[in-house]
Every structure is written in C-alpha cells, then in structure tokens.
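Visitor: Dumping the structure here so I can ask a few things about it.
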Amino acid sequence: MKGLRKRAAKASRDQVLSRAVVKACDHTLRKRSEALAKLDEPQAARTAASKARSRGLDRMDDLLTTLQARLEKKGVRVFRAADREHAIDYVVGLVRDQGLSTVVKAKSMTGEEAGLSRALEDAGCRVVETDLGEYIVQLRDEPPSHIIAPAIHLSRRQVGELFAERLGMTPTEDPASMCDFARKRLRRDFLSADLGIVGVNLAVAGTGDLITVTNEGNGRLCQTMPRVLVAFTGIEKVVEDAEDAAAVLRVLSKNGTGQVATSYVSLLRGPAGPTEPFGPKEIHLVLMDNGRSRLRDDPILRDMLKCIRCGACINCCPVYRSIGGHAYGTTYVGPMGITLTNGLAGGEGLGGERLRDLGELTYACTLCGECGRVCPVGIDLPDMILKLRARAPKPPGRNLGMKAGRVILGGSRRFSATGRIAGTLGRIAPHLYAKLARMSGWTRSAAPPVPSDTPFRRQFRKWKPFVGHDALVRPAGIPAALEKGNPRDETADISSVGPAVLSRTDATTAFAEKAAQPFDAFISNFRDVRGEVASGTLTETLDNLIQGLDHPTVLASEELLTQLADLDCRVLNAADPELPLDRASQAVVGVTGCLALVAETGSILLEHGPGSERAASLLPDTHVIAARADQVVATMEQALAIRNRRDSPAATLITGPSRTADIEKTLIIGMHGPRRLVLVLL
Amino acid sequence: MKTHLFIPCLVDQFLPEVGLATADCLSAAGCEVAYPSKQTCCGQMFLNSGMPGDAAGLARAFVRRFADATWVVAPSWSCVDMVRTRYGELLEGRELEQWESLRERVFELTEFLSLKLGLDAWQGSFRARAILHWSCHMPRDGNEQDRLEGLLGGVDGLELLPRPPFECCGFGGVFWNLWSEVSASIGRRRLDVLTRDGPDAILLAEPGCLMQMQAAASESKSGVRVLHVAQLLAEAIR
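One line per chain: the protein sequences are A and B, in this order. With the first letter of the first sequence counted as 1, position 467 gets the number 549 in this note's numbering; the numbers rise by one all the way through. With the first letter of the second sequence counted as 1, position 25 gets the number 14 in this note's numbering; the numbers rise by one all the way through.
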C-alpha cells in the first residue's frame, strides 16, 4: 500500500502533529503508571482481567444467548447484526419508522467501525457527536485520530480557531472557556434530541447490565434524556458475570486514561419505568459481528477479541507517536489497529472504506514490543504482528529483494564479496548507491550506510589478544558464576499473564484486605478525584450552596424531601412523573441518596429506578449525595454485588464530578455533568 | 576460557570497530577469543519480514556453525534474543536438539561479562557524561539495568545521566528498510530526548540502534558521540 507509507511519511514530517501527539501520549502514560502503582497487585489485576475476557470469549455464544434473554425479559430489543450493513440498516430503519430526527451520540468505536453517524446523516438525521473530542473532530469533518482521545492531534490553538470559525465563539486559547461554550451548546441538544446512541464497554451476561464507561457525562445524558436509546456494540464485549466485569473495570481506566476510575460507569439493564420522568422508554441493543466470529476462529488473531479498547498500546507505539492516527486510514489505529484491521473485516468494510493492502499495515511497527508489555489483558501484539507478516502476501518486488538478500547471506564468501562491491560503489558513486539500495528494496533511506572497506572478518585476522591490563583477569580462572545461571526466558514478561498467578477470588481478597480501614480509604480516594466532603448537615450544606442565588431551584430525591422542607428555595421532587423538563433543567443543585460508597476507587453507587434520581444526579451544576458511613464497601466487586441484589433498570458508579481532558490533555472539571460533587454524611 | 564471537551482519559490514571492541573486552577479561569465519547472519531480518522459511535456513546454519562452541558472545541483544527465543519455532530434528543446549550458551557481551565472568564493575577510565539508551530487546527488569549500570560504574570519570524514559529509537530493522522516513523521524525524536541534558556520549548495546542514533546525531550536528558499550569498555582500558 503505497498510499499508507506515503501518508505516514508525510505525517512524520508534521512537527506540530507529532509534538501534540507525543505530549498527550506521554501525559497519559505517566498517569497510567501512577494509577497502576496504586494497585497492591498490578500483575494479579492484569491476570484477572485477562482471564475474565478469556472466559467471555470461550463461552461467547452461550453468554450472548443468556444476555439477550435477560435483556428481552426487561423489555430491551436486541438485534444481532451479522455485519455493518445489517447494523446500520437496523438503526436507520428505526429512525425512519419512528420519525426520529435529532440524534445525540456518545463515543462508540464500534459505531465508527460501522460508519453509523454518516449513515444516519445520509438518512436525514441531525447527528451530534457529544464527546468533546468527537465533537471537535466532527466540526472538522475528520474521523477520530485515537480510540480514546479523538482530538489528540490538535493543539488548543487549533481548537480555539475551530470554535471561532465554526461556532462563532470569541477566539480563545483557554480550554476551560471552550469546554464551557461546548457544554452550553450541547446541553440544548441533549434536552431536545429524540434518539440517544451510546457504546458499550462490557455486556454482563449474568446480570444483563450494559456497562458504559465515560468521563464527561455525555454518555449518561444520551442514555437519560432522549426517549429512545440505541446501545451499539460488538458481540465480543460480553463477560460472564459482575465479578468479571469488575476485574476488567479495575484495569480499563487505569490503562486508558490513567484514572483510578472514570467519572461514570453506567449500568443499564432496561427501559425507565412508566412513572419515571426521565430515562429512555425504549432501548435497542445492536450487537454487531462484522467479522468477529471469524476472528474467533483465527489461530493468530483470536486474542484480539479480548481487547478492551483502552488505547495503552497506541500511546506507547513509536510509530503512532510519529504519524498520529489519521495516516493509518483505519478506524482502529496503532498496534491494536494493525491487528484488528487485519482480522476484523478481512480487508473490507471498516468504516465503509476498503484498504488496498492490509499486509503493508503490519509493517507500521518497529517490533519494539512495548505494546505487548503494556496491554492490560495480556494480548501478545508484537507476536501477532510478526505472524501476520508471515501470512500476508508480499509485494513481488520486495520478495525478490529479500530472496536475493537470503542468497547473499547463505554463504560467507558471497556475503563478503557483496559487501566489497557495495562498499566500493557507495564510496565512488554515493547517489547511484542510494538509488540501487532503494530499487533493490533494501532501504529507502536517503543516505544508506556504506559497508566498510575492511569488514570485521578481515580486521579480525590481524587482531591481537588484549595485553597490558591484567587487572581484569580473574586469578582463579573460571569464576563461580559460571556454574550457575540460565539465560532468562525473554518471553516471560508477556506469557506470565497466561497461566494462573492468582485465582480471581484471590485477587479480590487481596484488594479487600487492603481496605482494612475502608471508610478512611474511601474518603481519601473520593477527595483524590475532587469530591468534596461537607462538614455540616444536609440542610446546612444546601443553605451554603444556594446562598446568594436568585430564586434557586433544588431537584431532590423523593426520599430526602422531608429533610429539605426548611430550605429557602423551590424544591422539586425528582421522582414526580409530571416533572417538566424546563423546570428540572433550571435546578442548580441536585440532591440524592446512594446505595454504596466504594473504598477502592472513591466511587459512589447510585441506583436509578422508579422514584429515582437520574436527572438530579446529572442535570444540575452541583450534585449533593447524602450517605451513611456504614454504606462503605471495600471493592468494586462488592459494590456490583449490591447492585445485583436490586432490580432497578439503571445504576451509575460515580467517581468525582464530570470532567474532560480532550483538549491537550488539560483537565477540565465539569464537562456535561455536574461540576461539583458534594458528599454529606448523615 | 574459550569464547566464540558471534558478530552480527550489521557489525561485520558497517560497524567493524564494535566487533573489535567486543573481542578486546573478552580478551581483557581473560577469555580466549575465536571467530568462526563462516558465520553470516542470525536470520532475524527474515523472520521480521514475514519469511520464517528463509530465517530457518540461516538458523540451521547458525546452529551448525556454533554447535561446538563453549560460549557464544555477541554485541547485540536482538540477535541473541533471536537465537534464544525464536529458533525453537524455526528448527527441527537434529538442529533443534543442538539448539536446545546451544541456547544456554549464547550471551550478549555485557551480560556475559557480569553474569558469566562475575565482573561487577569494569575498570579503566573514560571521561564523559553519558546516557544509556535502553534498546527494545534488552531485558526490561530493573535488576538488568542495575547490572549494566554497575558494570559501567567501575569506569573512572564516567558519569551516567539518569535513565531516560523508555522509547524505541525507531530502527526496527525491516522498519528502517521500508518505512525509512518515519524511522528517521522517530530517531530524531529519540535523539532529542537523549540529548536533553547535554551528554557527551550516548551509549547503546545494539548495532541497529547504534546506526540509527549515529545517523540522527550526525544529521543534527549536535556533536554527541554515539558509542556501543563495548567500545566504551575497550577504550576505558586502552
């Protein structure tokens, strides 16, 4: 694929691009190391996640059947799409049948793979990408350049200019102002859209929960405000049970964004109840195959189905860091892009574009091995790429050059003679030498190295043993060290993920034991993610928050209304079936209870069901949570177990206020969801 | 003790001085040094080009050539890694059997010096502020880094700068062949990182990376010396 190599070479000359990408990737990798360092047993966590994904794949067909049955019982419509065309047809049919016109969409790489947004636009819909990074690239009419950070290739200046040009914003280089501007614009879309689309990170067969991991709150808004919701994902996202889901969640955000946990982990298993004022009344789950079944039977690439799309392999890839994502011309980029693109669609169908030569893509790699080292589910990416190279047909010219090289290296005389001739040519006619080097397929380097006129094998004939520094010579002849020691197995680093290091119960126990003081750990972790712990009572806290505001409105959970009776403001019942949207969206503070406080991550588990608090925890600028200290649990597993004992259609693990880092990795608190998260201990 | 030099094709043709320095180091450490002159290449570039069949031919030749050696020592981690970890899937029959015992006797130079000869610290002097580039095929555990830094630590006047963050230099063998321009851009970026604190020398233990960094350094005219660790060790006691 000449196209790919040319695009890559061109991109590598773009200093601004590479600088932006390297800076952002380095930032994320640094945060990744810090987040992983907080784990007591990083290797055990990695093993547990890897095994959780393997279990899901081994029983994929059964688990998908269980998942489908469970969801359908709750009223979710499940569509199994054989390929991207089927998946798109289904969603386009849905918007046509129901006359849906405005779509708010959260990030979904599977959606990108299918070309979903473009298809909906072609069908006459207005599609708004609501993830800030996706929103930016949509305004530029570009695809995302990174699976986690879509606008990683842009500087704040470029985004500022874009917002000024396309949205009429006063030009700025301040990410916070840009985020605020986007928040206000997109909020209107969230409130008026009639279809929401979200991706799914994990689909839990055992509980029927569709798990979506986000930071900005746009995913939650997409699955709360519009009447109809489409969850769009690949069939491989299925896991057996909540424990396996927790094992994956434990490594996902740490490796992806370098966060201990993302702001929101949404768990959805059915439409909102008939009396709920907000929440989707109709949910469609699209499970797309698009080559995944075939991938499962591929002896080289099967493990790619374990991929949890964290993007760590992309961040550390020297090639990606030099050329960015767009040069690949594929939906998935970097190391996982090389393998997945080769496996998924067999060369066609990704984003509707056909790649000319998937073989060349496997050479977008220095084989440095770093991707295999960082992968949180132990996918041996370098080995896969190497094996793909062997499987892919080679361009005829290159094959010839390599075969010639093989013949030359077949004998030391031939090898020496070739070196002598090449060396002579390189010294007397360097330009011709470079040209021949290029034509032979040996190297495209502008100044290819020239063989020495006295190669080692000739110089060694005159070499004399070293004399004059006998201090280094060991007196005893052969040192003791000789008797022991075997060469290390260099593959240990990667393969150690495969066999059992700890069973999953062991891993869980390790995390549980760490939390000897779960409450203190919770408070400390909660503050780390910028949660605020109020010192006063609920009434005092709210009094403070609304002080000085003009006719403030508070949106509160039904169960807390009596405690708020004395407040000097308008208090709305968040569970009121007749609650009008315009009044709810004016609330400055939302007040809710919670199900559990999670020590491991500083997260708070909220349940959304009848009498729920979806809007109260999402729409106002400040979210106040009332909790009791005895609600603390140690681990993610324990929190999900509590969730599973309840039957509400939706729940959210909230970890700090909403946030984004989509512009130059600058952390901005308060993107689409609450800007402040305040905990009141009752 | 008798050692057999395994001099990778790149070193033979483009970096003969690295091969000589390797021989010097082994000799200074009290080893007898032999060079089986029929050797050519370990076959790594063919395996990495998706041609395992051609790599297997060179693997067979390698095993036959070194089967009788007591110790095989090379100034390249990636070639040693190729022999140790990749030959198993390329060989069969008698050569596979020979390799099973040979792989235990193949070493990278500095690894051989410290693990097999028990040298914790080298000697001599070499005045320089140097930074060590950790190549991709070098073992990545902290002990290994400590070991090599310890060996270098014995050299008078040598100041080792703090370990830079790991990143590939962009050589990648066949990657440099085919994606030359991107390879060079990665090389420039790596040079920037390595020269941030103004070292006099960049040290490596991998011929490909050495050529890559030499090209980047000469293009940048930064004046920094790019040396194989073997060259530094040999110069230190000269």
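Glycine included, each C-beta is placed from N, C-alpha and C at the ideal position.
From the DSSP output, in three-state form, read off Asn397(A) for me.
Guide: If DSSP states are grouped into helix, strand and coil, Asn397(A) belongs with the helices.
Visitor: Trp60(B) by DSSP, collapsed to three states: which one?
Guide: Strand at Trp60(B).
Visitor: Using a Cβ-Cβ cutoff of less than 7 angstroms, which residues in the same chain neighbour Gly567(A) once the five nearest sequence positions on both sides are dropped?
Guide: Confidence in Gly567(A) is poor, its pLDDT being 38 and thus under 50, which makes the residue's placement unreliable; the coordinate value appears in the next sentence. So no residue of the chain qualifies.
Visitor: Give the straight-line distance between the Cα atoms of Arg92(B) and Asn397(A), rounded to the nearest whole angstrom.
Guide: Taking the straight line from one Cα to the other gives about 34 angstroms.
Visitor: Taking beta-carbon pairs under 9 angstroms, can you tell me which members of the region 459 to 481 of chain A lie near chain B?
Guide: For the region 459 to 481 of chain A, which is checked against every Cβ of chain B, the residues closer than 9 angstroms are Leu468, Lys469, Leu470, Arg471, Ala472, Arg473, Ala474, Lys476, Arg480 and Asn481.
Visitor: Starting from Leu273(A), trace the alpha helix (DSSP H) both ways and give me its first and last residue.
Guide: Segment Pro257 to Ser274, the alpha helix (DSSP H) holding Leu273(A).
Visitor: Are Leu140(B) and Ala117(B) touching if we call contact CB-CB under 9 angstroms?
Guide: Not closer than 9 angstroms, so no.
Visitor: Across which residues does DSSP place Leu688(A) in a beta bridge pair?
Guide: The partner list for Leu688(A) (beta bridge, DSSP) reads Thr734(A).
Visitor: If I measure Cβ to Cβ from Gly505(A) and keep anything under 7 angstroms in the same chain, skipping five residues before and after, which residues do I get?
Guide: For Gly505(A), where only same-chain residues beyond five positions count, the Cβ hits under 7 angstroms are Val532, Pro533, Ser534 and Asp535.
Visitor: Rank Val312(A), Tyr346(A) and Ser606(A) by C-alpha distance to the C-alpha of Asn300(A) and give the top, closest one.
Guide: Ranking the options by Cα distance to Asn300(A), first place goes to Tyr346(A).
Visitor: Where do the ends of the alpha helix (DSSP H) carrying Glu84(B) lie?
Guide: Glu84(B) -> alpha helix (DSSP H) spans Gly82 to Leu91.
Visitor: How far does the alpha helix (DSSP H) with Ile218(A) in it reach, from first residue to last?
Guide: That run of the alpha helix (DSSP H) goes Leu214 to Leu221.
Visitor: Which runs of the beta strand (DSSP E) fall wholly inside the region 473 to 556 of chain A and span at least 3 residues, in chain order?
Guide: Counting only runs of 3 or more, we get nothing.
Visitor: If you draw a straight line from the C-alpha of Ala589(A) to the C-alpha of Thr129(A), how long is it?
Guide: Unreliable positioning characterises Ala589(A) in this predicted model, as indicated by a pLDDT of 47, which lies under 50. A coordinate reading is not provided.
Visitor: Should Phe115(B) and Leu147(B) be called a contact, given that it needs their Cβ atoms to be closer than 9 angstroms?
Guide: Yes, the Cβ-Cβ distance between Phe115(B) and Leu147(B) is below 9 angstroms.
Visitor: I need the DSSP call for Pro421(A), collapsed to helix, strand or coil.
Guide: In the sequence on display, residue 421(A) carries Thr and not Pro. It is helical.
Visitor: Could you compute how far the alpha carbon of Leu584(A) sits from the alpha carbon of Lys(-9)(B)?
Guide: Summary for Leu584(A): the model assigns pLDDT 35, below 50, so the residue's position carries little reliability; its value from the coordinates is reported in the next sentence. Answer to the nearest angstrom: the Cα atoms are 44 angstroms apart.
Visitor: Take Pro417(A) and list the residues in its own chain whose beta-carbon comes closer than 6 angstroms to its own, dropping the five residues that flank it on each side.
Guide: Cβ neighbours of Pro417(A) beyond the five flanking positions: Cys395, Cys399, Cys453 and Leu463.
Visitor: Looking at C-alpha atoms only, which residue of Glu325(A), Ala151(A), His366(A) and Tyr402(A) is the closest neighbour of Trp168(B)?
Guide: Closest by alpha carbon: Tyr402(A).
Visitor: Consider the Cβ of Pro5(B): report whether some Cβ of chain A lies at a distance smaller than 9 angstroms.
Guide: Taking Cβ atoms only, chain A reaches closer than 9 angstroms to Pro5(B), which makes this a yes.
Visitor: Fully enclosed by the region 226 to 251 of chain A, which alpha helix (DSSP H) runs are 4 residues long or longer?
Guide: Segments of the alpha helix (DSSP H) lying fully in the region 226 to 251 of chain A: 238 to 249.
Visitor: Is the beta carbon of Pro359(A) less than 9 angstroms from the beta carbon of Ala697(A)?
Guide: Contact flag set, yes.
Visitor: Decide if the region 475 to 493 of chain A is in contact with the region 5 to 23 of chain B; the criterion is three or more beta carbon pairs, one per stretch, under 8 angstroms apart.
Guide: With a cut-off of 8 angstroms, the region 5 to 23 of chain B and the region 475 to 493 of chain A do not count as touching, because too few Cβ pairs lie within range.
Visitor: In this structure, how does DSSP classify Phe593(A) when only helix, strand and coil are distinguished?
Guide: Caution applies to Phe593(A), whose pLDDT of 49 falls short of 50 and renders its modelled position unreliable; the value that the coordinates give is listed next. It is helical.
Visitor: Starting from the beta carbon of Gln28(B), find every residue of chain A whose beta carbon is closer than 9 angstroms, and list them in chain order.
Guide: Per Cβ cutoff of 9 angstroms: Ser494 and Arg539.
Visitor: Would you tell me roughly how many angstroms separate the C-alpha atoms of Thr357(A) and Leu221(A), rounded to the nearest one?
Guide: Those two C-alpha atoms are separated by around 38 angstroms.
Visitor: Hey, would you say Lys388(A) sits closer than 9 angstroms to Arg114(A), going by beta carbons?
Guide: Not a contact, by the Cβ cut-off of 9 angstroms.
Visitor: Between Ala58(B) and the rest of its own chain, which residues show a CB-CB distance below 6 angstroms, the 5 nearest in sequence each way excluded?
Guide: These residues qualify, in order along the chain: His(-7).
Visitor: Residues of chain B with a CB under 8 angstroms from the CB of Gly91(A): which are they?
Guide: Note on residue identity: the sequence assigns Ala, not Gly, to residue 91(A). Result: Trp168, Glu170 and Val171.
Visitor: Considering Gly281(A), what are the terminal residues of the beta strand (DSSP E) in which it resides?
Guide: Unbroken beta strand (DSSP E) run through Gly281(A): Leu277 to Gly281.
Visitor: Would you mind reading off the limits of the beta strand (DSSP E) that contains Gly146(B)?
Guide: Unbroken beta strand (DSSP E) run through Gly146(B): Asp145 to Leu149.
Visitor: Could you name the residues of chain A that Leu47(B) contacts, counting a contact when the two beta carbons are closer than 7 angstroms?
Guide: By Cβ distance, chain A contributes Leu491.
Visitor: Give me, in chain order, the residues of the same chain whose beta-carbon lies closer than 8 angstroms to that of Gly159(B); leave out the 5 immediate sequence neighbours on both sides.
Guide: If we look at Gly159(B) and ignore the five residues flanking it on each side, its Cβ neighbours are Trp165, Val171, Ser172, Ala173, Ser174, Ile175, Gly176, Arg178, Arg179 and Gln201.
Visitor: Should Val61(B) be flagged as near chain A, meaning a C-beta pair shorter than 9 angstroms?
Guide: Judged by the 9 angstroms Cβ criterion, Val61(B) is not in contact with chain A.
Visitor: What separation, rounded to the nearest whole angstrom, lies between the Cα atoms of Met40(B) and Ala472(A)?
Guide: Looking at the two C-alpha atoms, the distance is approximately 6 angstroms.
Visitor: Who are the Cβ neighbours of Gly451(A) in its own chain at under 7 angstroms, not counting the five residues just before and after it?
Guide: Taken in chain order, the residues that qualify are Pro464.
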